[in-house]
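This report concerns only the one structure given below.
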Amino acid sequence: MANIVQFENVGLRYGTGQETLSDISFTLGSGAFYFLTGASGAGKTSLLKLLYLAQRPSRGIIRLFGEDAVTMPRNRLPGFRRRIGVVFQDFRLVPHLSAWDNIALPLRVAGVPEDDVEQPVREMLAWVGLAERAAARPATLSGGEQQRVAIARAVIGRPEVLVADEPTGNVDPDMADRLIHLFESLNKLGTTVVVATHDLQLLSQVQGAQMMRLDKGRLADPTGVLRYPPTARGHA
Amino acid sequence: MLDEAGGLRAMTWVMAIMLFLTLLAAALGLGTRQSANALERQLAGRLTVQLVEGSPASRDALAARTLAALRKLPAVRRATAVDRGQLTRLLEPWLGSAVGDADLPVPAMIDVDLAAGADLDGVVAAVKRISPTSRIDRHQRWMSPVSGFLDTLTWLALALVVLMLAATAAVVVLAARAGLETHRATIEVMHMLGSTDLQVARLFQRRIALDAAIGGIAGGAAALMVLAVLGARLAALGSQLLGGLMLGVGDWIVLVLLPFGFVLLATLAARATIVGALRRSL
């Protein structure tokens with residue numbers, strides 16, 4: 002299985018403070034499912050930010066899709082970001098756009114002709130069970146519905162990597178199960194999934210998923226050996 | 331993609347006012363330039379020859395010789411002796427009834443209109459050969475302070491136009507920065523979805539261009555109406571000097587094109603601001 006992401010001795014420091022992340026080294030295999038766990042403040046969101054190119058590290062090497070993401074020029078970042086789907090912890094839906102337009106956003110950003118936008122958006126809305134809520138604005142959607150719109154937006158562009166930051170943090174257990182199944186079905190289509198969560202219950206729901214645990218900004222398993230080898234997954 | 335709520339934004343009104351003032355300043359500049367040019371055309375080719383001779387007979391003979399010589403010159407389009415009666419009427423308020431005295435040494439005068447591009451020095455030399463004591467008044471010299479004043483007004487108007495355009499660009503820069511701040515969350519999301527700086531800039535450009543266009547139409551229409559009314563009133567005055575202030579066809583074309591330049595300037599200023607600001611982020 003090819004490595005899609007590689008971190009080597011990565012450190013992240015905001016301003017002149019202490020390092021938020023230190024000596025992070027791991028690799029992510031293409032098509033695998035990963036959980037990133039750790040207590041609140043352990044650095045999960047910071048690590049994900051490095052992963053979805055919202056932040057550059059203070060030190061170390063990050064290779065993404067085989068290329069150096071640390072020294073990559075700014076003008077190449079958009080192309081790489083389009084290959085990564087992100088579900089933000091706070092959803093970050095555009096408040097004045099409908100659920101339909103929020104989901105269509107990545108396709109429009111990618112310059113997909115408007116005629117080719119309609120069908121994928123309709124399919125996505127049906128996939129997340131929000132076909133009837135297409136015209137609703139985020140403010141009128143429940144937390145779970147907003148979460149599903151955010152997921153649909155993250156996956157509509159068929160990203161190679163899906164990064165989700167505490168995607169079940171704001172929903173009830175039933176909805177959490179449904180969301181995890183959504184991620185799993187996407188993973189079965191070949192997308193590498195990274196889900197940050199502090200809910201250890203979720204880990205048992207995805208067979209063959211691997212876990213990375215962060216503790217005070219360091220990977221608790223610095224060797225990168227994970228609990229379940231990715232080859233255990235049927236599609237790998 | 332950006333929140334369009336808010337209807338007619340303050341920016342539109344600012345643009346309308348800026349363009350209104352810019353067009354008025356531009357019209358002033360174009361009008362005074364026209365006037366200066368007209369004055370130049372009218373006076374540059376005109377002079378008056380004064381022939382001073384004690385004896386009326388020899389003065390009249392000299393005037394006749396000079397007039398004949400002037401009329402033969404190709405550089406002279408028209409040479410006319412000023413009527414003695416007309417001169418008398420002009421001098422009467424100062425000299426009283428004595429002006430009718432034939433012995434009074436009133437100079438003979440000849441008005442000369444030169445052909446376009448005529449050699450003025452050549453004409454002066456020709457007159458001086460016949461009458462070395464003659465005095466030649468070039469009309470252009472009398473009006474040079476007026477012409478200089480009109481030139482100053484033209485430059486002042488140009489400076490005003492440049493200042494207004496600079497102020498407009500500054501307003502656009504401030505509006506674009508404020509817009510960036512307002513829509514920061516949306517822009518961050520767009521960036522994370524793979525949006526390029528130019529794509530984001532294009533959203534702002536489109537919005538500011540629309541504001542500038544609506545403001546431009548309103549401000550431009552108001553300014554052109556004011557100018558049309560002023561033009562009509564100026565024409566009704568029938569003043570030879572102020573008549574030069576009338577705008578020509580080319581001037582109207584410049585004024586009509588100015589709003590388009592205005593929208594282009596606003597669009598480019600917005601683009602440069604947004605791209606410059608986004609470059610500082612990741």
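Those protein sequences? They're chains A and B, same order as listed.
With my numbering applied, the first sequence corresponds to residues 2 to 237, in that order.
With my numbering applied, the second sequence corresponds to residues 331 to 612, in that order.
Yeah, the Cβ is synthetic: ideal placement off N, Cα and C, and Gly gets one too.
Quick caveat: nothing in here was measured; it's all calculated off a predicted structure.
(Q) Please list, in chain order, the residues of the region 521-541 of chain B that have any C-beta partner in chain A closer than 9 Å. (A) Correct list: His521, Met522, Leu523, Gly524, Ser525, Thr526, Asp527, Gln529.
Q) CA-CA distance, serine 143(A) and glutamate 119(A)? A) For the purposes of this step, residue 143(A) is taken as the residue at position 142 of the first sequence. For the purposes of this step, residue 119(A) is taken as the residue at position 118 of the first sequence. Near 24 Å, if we compare the C-alpha coordinates of glutamate 119(A) and serine 143(A).
Q | Between the CA atoms of alanine 543(B) and phenylalanine 590(B) - distance to the nearest angstrom | A | Locating residue 590(B) in the second sequence gives position 260, counting from the first residue. Locating residue 543(B) in the second sequence gives position 213, counting from the first residue. Cα to Cα, the separation comes out at about 8 Å.
Q) From this set, Leu369(B), Ala428(B), Val502(B), which residue's C-alpha is nearest arginine 537(B)'s C-alpha? A) Taking the second sequence and counting its residues from 1, the one referred to as residue 537(B) is at position 207. Taking only the C-alpha atoms, the option nearest arginine 537(B) is Val502(B).
Q: Alpha carbon to alpha carbon, how far is phenylalanine 184(A) from alanine 600(B)? Give it in angstroms, no decimals.
A: Start at 1 with the first residue of the second sequence, and residue 600(B) comes out as number 270. Start at 1 with the first residue of the first sequence, and residue 184(A) comes out as number 183. Using only the alpha carbons, I get a separation of about 41 Å.
Q | Proximity of valine 556(B) and leucine 354(B) at Cβ, strictly below 9 Å | A | On the second sequence, position 226 is the one that residue 556(B) refers to. On the second sequence, position 24 is the one that residue 354(B) refers to. Yes, the pair counts as a contact, with Cβ atoms nearer than the cut-off.
Q) Residues in the region 100-111 of chain A with C-beta within 7 Å of chain B's C-beta atoms, listed in sequence order? A) If the cut-off is 7 Å between Cβ atoms, the region 100-111 of chain A has Leu106, Pro107, Val110, Ala111 near chain B.
**Q.** threonine 38(A), buried or exposed, once every other Cβ within 10 Å from all chains shown has been counted against 16
**A.** The residue labelled residue 38(A) in the question sits at position 37 within the first sequence. Looking at its Cβ environment, which holds 16 or more other Cβ atoms inside 10 Å, threonine 38(A) is buried.
Q. What is the DSSP secondary structure of leucine 403(B), counted as helix, strand or coil?
A. The residue you call residue 403(B) lines up with position 73 of the second sequence. Note: leucine 403(B) maps to coil in three-state DSSP.
Q) With a CB to CB cut of under 6 Å and the five nearest residues on each side skipped, what residues in its chain are close to phenylalanine 8(A)? A) Your numbering for residue 8(A) matches position 7 in the first sequence. Excluding sequence neighbours, phenylalanine 8(A) sits near Ile25, Ser26, Phe27, Ile63.
Q: Compare the beta carbon distance of threonine 526(B) and asparagine 76(A) with 9 Å and say whether it is the shorter of the two.
A: If you number the second sequence from 1, residue 526(B) lands on position 196. If you number the first sequence from 1, residue 76(A) lands on position 75. It is a contact, given that the beta carbons lie within the stated cut-off.
**Q.** Boundaries (first-last residue) of the beta strand (DSSP E) holding leucine 157(A)
**A.** Taking the first sequence and counting its residues from 1, one reaches residue 157(A) at position 156. Strictly speaking, residue 157(A) in this sequence is isoleucine, with leucine absent from that position. Neither: isoleucine 157(A) is in no beta strand (DSSP E) and is coded neither H nor E.
Q | Inter-stretch contact (C-beta, 8 Å, three-pair minimum) for the region 457-474 of chain B and the region 392-400 of chain B | A | yes
Q: Just the C-alpha distance for arginine 214(A) and arginine 138(A), rounded to the nearest angstrom, thanks.
A: By 1-based counting over the first sequence, the position of residue 214(A) is 213. By 1-based counting over the first sequence, the position of residue 138(A) is 137. The straight-line gap from Cα to Cα measures roughly 36 Å.
Q. According to DSSP, is valine 197(A) helix, strand or coil?
A. Position 196 of the first sequence, counted from the first residue, corresponds to residue 197(A). The residue you asked about is not valine; residue 197(A) is alanine in the sequence shown. Here alanine 197(A) sits in strand by DSSP.
Q. How would you call proline 79(A), buried or exposed, if buried means at least 16 neighbouring beta carbons within 10 angstroms?
A. For the purposes of this step, residue 79(A) is taken as residue 78 along the first sequence, with counting starting at 1. Sixteen is the threshold: when 16 or more other Cβ atoms of the shown chains lie within 10 Å of the Cβ of proline 79(A), as they do, the residue is buried.
Q) How would you write the range of the beta strand (DSSP E) that valine 87(A) sits in, first residue to last? A) Position 86 of the first sequence, counted from the start, is the residue given in the question as residue 87(A). That run of the beta strand (DSSP E) goes 85-88.
Q | Residue-level contact to chain A via CB, threonine 597(B), 9 Å cutoff | A | Residue numbering aside, residue 597(B) sits at position 267 when the second sequence is read from its first letter. Chain A, which has no Cβ nearer than 9 Å to the Cβ of threonine 597(B), makes this no.
**Q.** Same chain, Cβ closer than 6 Å to threonine 342(B), five either side skipped, listed in chain order
**A.** Walking along the second sequence from the start, residue 342(B) turns up at place 12. Asp541, Ile544, Gly545.
Q) Nearest CA to the CA of glycine 145(A): which residue from Leu201(A), Ala3(A), Pro107(A), Ile181(A)? A) Reading the first sequence from its first residue, position 144 is the one you call residue 145(A). The candidate whose alpha carbon is nearest that of glycine 145(A) is Ile181(A).
Q) Quick one: does leucine 510(B) have its CB under 9 Å from some CB of chain A? A) Start at 1 with the first residue of the second sequence, and residue 510(B) comes out as number 180. Not one chain A Cβ lies under 9 Å of leucine 510(B).
Q. Do glycine 361(B) and methionine 494(B) have their C-beta atoms closer together than 9 Å?
A. Translated into positions along the second sequence, residue 361(B) becomes position 31. Translated into positions along the second sequence, residue 494(B) becomes position 164. Against a cut-off of 9 Å, the Cβ pair of methionine 494(B) and glycine 361(B) comes out as no contact.
Q.
Relative to the C-alpha of glycine 61(A), which candidate in Gly86(A), Glu20(A), Ser41(A), Ala140(A) has its C-alpha closest?
A. Taking the first sequence and counting its residues from 1, the one referred to as residue 61(A) is at position 60. With distances taken between Cα atoms, glycine 61(A) lies closest to Glu20(A).
Q: Can you grab the Cα-Cα spacing for the pair glutamine 202(A) / threonine 169(A), in whole Å?
A: Along the first sequence, read from residue 1 onward, the residue named residue 202(A) stands at position 201. Along the first sequence, read from residue 1 onward, the residue named residue 169(A) stands at position 168. Put simply, the backbone Cα of glutamine 202(A) is about 11 Å away from that of threonine 169(A).
(Q) Strictly below 7 Å CB to CB, what residues from chain A border valine 519(B)? (A) Within the second sequence, numbered from 1, the residue matching residue 519(B) stands at position 189. Near valine 519(B) (Cβ distances below 7 Å), the residues of chain A are Arg93, Val95.
Q: Put phenylalanine 592(B) into one of helix, strand or coil per three-state DSSP.
A: Numbered from its first residue, the second sequence carries residue 592(B) at position 262. Reduced to three states, the DSSP call for phenylalanine 592(B) is helix.
Q: Consider the Cβ of tyrosine 15(A): report whether some Cβ of chain B lies at a distance smaller than 9 Å.
A: Along the first sequence, read from residue 1 onward, the residue named residue 15(A) stands at position 14. Output row for tyrosine 15(A): interface = no.
Q: Take the Cβ of threonine 17(A) as the centre, count every other Cβ of all protein chains shown within 10 Å, and call the residue buried at 16 or more, exposed below.
A: Counting from 1 along the first sequence, the entry for residue 17(A) is found at position 16. The residue is exposed, with fewer than 16 neighbouring Cβ atoms inside 10 Å.
Q: Please go through the region 51-127 of chain A and give each complete alpha helix (DSSP H) segment of 4 or more residues, from N-terminal end onward.
A: 78-82, 100-110
Q) What does phenylalanine 27(A) pair with, by DSSP beta-bridge criteria? A) Taking the first sequence and counting its residues from 1, the one referred to as residue 27(A) is at position 26. Partner(s): Phe8(A).
Q: Check valine 586(B) in the structure and name its three-state DSSP category.
A: Residue mapping note: residue 586(B) aligns to position 256 of the second sequence, counting from 1. Three-state result, valine 586(B): helix.
**Q.** Beta-bridge pairing of valine 1(A) - partner residues as DSSP gives them
**A.** Examination of residue 1(A) is not possible in this model, given that chain A is present from 2 through 237 alone.
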